[in-house]
Amino acid sequence: MSYQSNELSHVLGKIKDDWPSLLNQDCNPLDTALLLLDNTSVGLAHRYPDFVNLNQEFSQVLKKAVNENYAAFNDAIGSYGLAISSLSESQTTLSNIRSDLQSVEQIVNNRVGLMNELNNKNMQYSEAHEILDSIGELRADSETIDSYIEARDFTHAQQYITKSFATAEKFGLWQIPALKSTQQSLQSQVKKLFDLIIEDVSNIMYMKTGRGTSNIIYEDEVKAEFFSVSSTDIDDISKVINKPVMQFLNELEDEDEFSPGEDTTRFKTLKTHLYVLKKLNKLEDALTVLSSQTGDELKELIYKTMEDMKVKYPDQIELSQQSTKTNNLLDFSLYAINNASLFILHEFFKNLFGKCIYLLQNYAAIRGIVRLGKGDYAVDTLWASLEKQIGDLIYSYIVDEDYTKDLNDHDDPLKNVETPFTKIINGDMFSHGEQLFQFAKLRLDDSGALTKSVEFNDALTDIFESGNSKPDLVGSNDSVYIEHEATVSQRNLLVPANVFNMGAIVDYFLFFVGSAYVLFPEDQKEVPLSFFDRFMKFVFVKQLENTLSFQFDKIASTDWMVETNSADLQSGSVLKKFFQSSLTALDTSLYFRESYVTILMKCMNKMATKYRTDLEELVPPEFLKQTKDSLLPLWFSNEDLKSQSRRLMSNSVSRQEADLIKHELELSIKPGPKLSSLIKQPELFDVNKYSQLSQLFSSLSNTLEWLPNLKREVKPTITSETSKLNSLRETWHFSNYSDTKQTTDELETNDATSENFGDTHLALYGDYVAQFTEIVGSLQEMLDDIKLYFRYDMRCKAILTVTQMYDKDTWMEPYQSGEVDVSVMQFNKLIMEINKLLSQKVGTATKSQILKALPDLIDHALVSESRRIIKMNNNGLYSIFVNIRVLKQMLRNVMGRPEEVDFGRSEAYFEMFKSTDKGILDKCKEMKRQSSKPGGYTFDIEDYKNIIRLVFSEIIQKDTAKSNGSAKNGLLSRHGSSFNPSKRYDDTVKTVVDMFKR
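As numbered in my numbering, the sequence shown has no gaps in its residue numbers, which increase by one up to the final residue, 1048.
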C-alpha cells in the first residue's frame, strides 16, 4: 500500500473515530451543521475549527490519492489492452495449431486419447472467447440502453435490459469482480427506467404533460358528453362518460381489436408501461409507489386547478370575493350566490371533478391490466385520499368558519353536532408543499454565530458543490425556511364559503360518484355512494340545518313587538323573506326532498314555538288557569263559548247571527249574579298590552297570509324502480344553481329574495302534509286566541264600566244633569284608543269582528246590573239615559256597522220606570206579551221584580220618611212594611210572579 493510501486510511480513521456519523449511509449533513453552530453546553461549536481543518486535510489527501490511483488505473487499462492483444495473438496461434493438427491428422489418427484432450482444450478456449464476446456485447448494450432511455423508448430499453441480465446469468458474469461496475450500471439503468415509467404513468393519471407543468387533458369531446346531458339520467351520464374505459376493459385481452372512435390511447400507453414494469419484475413496486403518491398528487391537482382558475378568471374571482357580511336581519345574501361566484364554482368543480373522473378511469384501466396478469390493484388507498381531499375541499366551500364560530357560540337546542367530519385543520387541505430548512436564512442574535454561519455556508458549498452560485443570506426578519413556491395560504378559496354553494357543487359531485360507482368492483360499488350520502347527511345537512336555525334565531332574538313604521321590520315580513329565501335556495317547489323539508319544518316549528312563547309572555298560562277567580279565564276555558265567539268573528255574516249572539250572551252571563265580582281591574289589559298583542297579531296575520300558500302536495319522485344514483340526485339536487347557462359576461345578481313568492312552494308528501297543516293550524289558533283575548277583555271592561256606573251612592238626583259618569268617560276614552290601535295594527275588518256583539252585552248588562241601584228617581233615570246615549254614540263611532249599536232593550226596560206605581204592572204585562213577538225584548222575572222595586223605591222612601221621620228604609233592608206603598209593592211583585208561573 502506498504512502498516499496509508495517509487516506489514516484520515478516514480519524473521521471514523471523531465524526462516525458522517460515514453512515443515512447521514444528514444538516444535523451535524446544527451541532457545530450550537454554542450551548451540548453543542459542538467549540469543535468547529477542528472540523474545518479535518475537511481541508481530507480534501488534500483525497486529491493526492486520486492522482496516485489515476496512474494505476491508466496502467490497468493499458494492461487490459495488452491482454486483448495477447488473446488475439493466441487466437491466431490456435488457428495455426488447428491447421497443423489437420496436417498431421493421419499421423495421430490412432492416438484417440491425445486427440480428445486436444479437443477439450479447444472447447475451453472457444468458451473463453465467447465469454469475452459476451462482455463486449454487454458493455455495448449498456450504451444502447442509455440511448433508448434517453429517447423514452421504454419497451426497447426493457428488452435490452432483460437481454443483458439473461446474458450475465448465462455466463455467470456477475461473479467476475471486474464486472461489478457494469452490474451496478445496469441496475442504475433499471432504476432510471423505473422512475421514468412511474413519472409517465403519473403524468397520464394526473393529467400532467411533463415534470413541473400541468395541462388539462380533459378534451372537449369528453366535456361535451359530460355536461350536455346534465339534465338526464345520471346512470346514463356515467355510462357515457366512462364508455372509453369500459370498452377498453371489455376488449383488454384482444390487443388488436378496439372499437373505432373511442379514445383509448392513454389506456394503451398505460398497458404498455405496465407490461414493461412487469417484465422488469417491478410491477408490485410500481403499484406501491403510485399508491403512496396519491395524497400529494391530489393536493397538487386541486392546487393547480385553482391556480388555473385564478389565471383564467381573475376579474370574476375578484368580483365574487366582494360579498360582505352584515348583521342586518333583512340581508338574505347568504341564501343567494352572486353570479360571479356561481360561475366560478361551476367552472372550478366541473374541471376538478372532470379530472377526478379521469383519474378514476385511469385507475380502472390499471386495475384491469393488473388483473389480467393475475394481480390486483386495490382501490382503498386511492379512494381514501379522494374522500379526504374532496371532502375537505367541499367542506371548505360550504362551511364559513367565521359564521361557524358565531354558530358554535350560539346556544341552540336544535343545533346538530353529530358529524364524523370534524373541523378541518387550517392549511391541511391546500398546503401541498412543505417548508424546507435553509441555512442561508438562519439568523441568530449572536454576531459570532452569524460569522460562523457565513463560514459554514461556504464550507458546505465546497463539500456539496452542485453549482456555481451560492445561496444569499437574507434579512433578519425573514423566515429560516425555504418556502415551496407552490405553497398557498391557509384558506385560499376562490369564492367566499357559503353552505348554499353546495347547490352549484352537488351535481358535479354526483357525476363523480356515479363514475366511481360504474368503475368500482362489484363488491365495492357502495363505497362512493356511502361517501356521498354520509357527506351530505353529516356535513351539508347538519351545516344547513344549523345555519338556517341560527339565522332564524337571529331574527327571533329581536323584539318582535317593537313599534315600527317599516313593514319590512315586522317579524312577519322578515319571516316571509327568511322562508322565501330558503325555499328558493333549496328549490323545494316541484319535488319532495325529505332532508330539506325536515329542516324547513323544524324552522317552522321553531317559528310556531316562538309565537307561542311571545303570546304566553303576554297572557301567561297561569293566568288562564284562574277560572274560579277571574272572568276572562273562565270564559276562555269554556270551549262552547269560544266556538260561538269564533263563529261570530268569522268573515262570513251568517243568517243565524242573531242566534249566535244570543247564545254567546247566554254563555257569557252564565255565572249569574257573581259575574261582575269575577272582574278584577288589575287583571284587565292596558293599552300597552293591547299594543303588544296587536303587534303579535299583525305578525301572525302577516305570516298566515303567505304560509298556507306554500303547501304543495306531490307524489314522491323516488320509487322502487329508481336507481341508487338517481335516488341520490332526486334527494339532493339544486336545479336553481346547477342548471345555469350563464357565461362570464352575464354576471347579474340572482334574485333569491324578491318580494313575491310567485311559484315558490314547499313540496310535501306523507306525514309532512299533516305536520305542515298542524303548524298552520297552531298559528291560526293563536291568531284566534288573540282575537278572543281582545274580545273578552273589552267585554269584561264593558261589564266593569256598567257596574262602576251603577255603584254610585244614590240615583236620587235633585235635578236633571247632563253629566256623564266618570267610569263611562274612562271607558269611552280607552275604547277609542284601543279602536285606533287595532285599526292600525290588525285592520278595520278584524277590529269589527272583535267588537261584534259588544253593544248587545252592554245592553244586557245595563239591565242586569241595574239591581245594584238602591233607589232612583226620574232625575236619576235621566242620568242613566245620558250615559246610555254616550255609550251608544261612542260605539257607533268604533263599530264597523253602526246599525248594530242598539240599546233598545235597556231603553225599553228603563222606559217602564216612567210608569206610576199603579201603572207599572200593566207595563210589565204588556212587555211580557210583546216578548213573544218579533222585535220584542225578553226579561226574566228578576228583571221585572227589579224595575218594580225601582219604581216603588222613591214612593216607599217618601212614605217611610213622612211616617217615621227617619231615613231608615225598611224595604231596602228587606224587612216588611205595614204601609200602603209597601203593600202595593208586594202585591205587584206577587202578580208578576204569578204571571210567570202561568
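Built from N, CA and C at the ideal position, the CB exists for glycine as well. As the structure is a computational prediction, the values presented were derived from the model and not from experiment.
Residue i versus residue j - alpha carbon distance
| i | j | result |
| --- | --- | --- |
| Leu320 | Val819 | 56 Å |
| Cys77 | Pro227 | 28 Å |
| Lys230 | Trp224 | 6 Å |
| Val737 | Ile884 | 7 Å |
| Lys627 | Phe602 | 11 Å |
| Ala848 | Met651 | 42 Å |
| Val361 | Lys258 | 18 Å |
| Asp450 | Met832 | 37 Å |
| Leu58 | Val102 | 17 Å |
| Ser741 | Asp1036 | 52 Å |
| Arg917 | Lys1047 | 22 Å |
| Asp81 | Ile247 | 34 Å |
| Thr853 | Val913 | 11 Å |
| Val1043 | Thr896 | 44 Å |
| Phe215 | Glu780 | 60 Å |
| Ser1032 | Arg999 | 10 Å |
| Glu689 | Glu863 | 44 Å |
| Asn265 | Ser129 | Only weak support exists for where Asn265 lies, its pLDDT of 39 falling under 50; the value from the coordinates is given anyway. If you take the alpha carbons of Asn265 and Ser129, they lie about 55 Å apart. |
| Asn548 | Leu750 | 31 Å |
| Leu1051 | Ser55 | No answer is possible for residue 1051: the residues shown for the chain start at 51 and end at 1048. |
| Ser875 | Phe963 | Per the sequence presented here, residue 875 reads as Met, with Ser not at that position. Each residue's alpha carbon lies about 25 Å from the other. |
| Val111 | Asp88 | 29 Å |
Spatial neighbours of residue i in its chain, beta-carbon cut-off 8 Å, leaving aside the 5 residues before and after
| i | result |
| --- | --- |
| Asn551 | Ile387, Ser391, Leu395, Tyr447, Ile448 and Val545 |
| Gly441 | Phe471, Phe581, Phe585 and Val589 |
| Lys213 | Asp191 |
| Asp270 | Bear in mind that the predicted position of Asp270 carries a pLDDT of just 45, short of 50, making it unreliable; the figure below should be weighed with that in mind. Excluding residues within five positions, none has a Cβ falling inside 8 Å. |
Own chain, CB closer than 7 Å to residue i, minus 5 neighbours either side, in chain order
| i | result |
| --- | --- |
| Leu85 | Gly93 and Leu94 |
| Asp834 | Arg696 |
| Ala813 | Thr638, Ser639, Leu640, Tyr641, Phe642, Arg762 and Val764 |
| Ala207 | Ile195, Tyr198, Ile199 and Leu243 |
| Pro766 | Phe642 and Tyr815 |
| Ser235 | Ser192 |
| Gln49 | Residue 49 falls outside the range modelled here, since the chain spans only 51 to 1048, and no answer is possible. |
| Ser680 | Leu728, Lys730 and Glu733 |
| Ile825 | Met654, Asn655 and Ala658 |
| Leu543 | Ser446 and Tyr447 |
| Asn292 | Gln411, Ser565, Val568 and Leu569 |
| Leu717 | Asn688, Asp690, Leu691 and Gln694 |
Paired residues, beta bridge with residue i - DSSP
| i | result |
| --- | --- |
| Ala813 | Arg762 |
| Trp861 | Met922 |
Boundaries of the alpha helix (DSSP H) in which residue i is found, first to last residue
| i | result |
| --- | --- |
| Leu433 | Contrary to the premise, residue 433 reads as Trp rather than Leu in this sequence. That run of the alpha helix (DSSP H) goes Asp430 to Ile448. |
| Gly868 | Per DSSP, Gly868 belongs to no alpha helix (DSSP H) and is neither H nor E. |
| Pro79 | Pro79 to Leu86 |
| Glu949 | Segment: none, Glu949 is in no alpha helix (DSSP H) and carries neither H nor E. |
| Gly93 | Looking at the DSSP string, Gly93 is not in any alpha helix (DSSP H), and its letter there is neither H nor E. |
| Val892 | Segment: none, Val892 is in no alpha helix (DSSP H) and carries neither H nor E. |
| Ile719 | Careful: Ile719 lies outside any alpha helix (DSSP H) and carries neither H nor E. |
| Asn776 | Lys774 to Trp782 |
| Ser751 | Val737 to Trp756 |
| Thr663 | Glu644 to Leu668 |
| Trp685 | Leu681 to Phe686 |
Minimum Cβ-Cβ distance from residue i to chain C less than 7 Å
| i | result |
| --- | --- |
| Ser153 | Among the chains of the structure shown, chain C does not appear; only one protein chain is present. |
Close beta carbons around residue i, own chain, < 6 Å, minus the five adjacent residues each side
| i | result |
| --- | --- |
| Arg845 | Leu907 |
| Phe559 | none |
| Cys406 | Phe562 |
| Leu151 | none |
| Glu915 | Val852, Thr853 and Tyr856 |
Quiz item: For the 8 Å Cβ check, are there 3 or more pairs between the segment 565-575 and the segment 410-417?
Solution: By the Cβ rule, the segment 565-575 counts as touching the segment 410-417, because three or more pairs are nearer than 8 Å.
Quiz item: So, do the segment 705-713 and the segment 748-765 have three or more beta carbon pairs nearer to each other than 8 Å?
Solution: Contact between the segment 705-713 and the segment 748-765 is absent, because fewer than three Cβ pairs lie under 8 Å.
Self-check item: Cβ pair count under 8 Å reaching 3, the segment 429-436 against the segment 582-600
Solution: No contact exists between the segment 429-436 and the segment 582-600.
Quiz item: Are the segment 977-994 and the segment 1004-1013 touching, with three or more C-beta to C-beta distances below 8 Å?
Solution: When Cβ pairs closer than 8 Å are counted between the two stretches, the segment 977-994 is seen not to touch the segment 1004-1013, the count staying below three.
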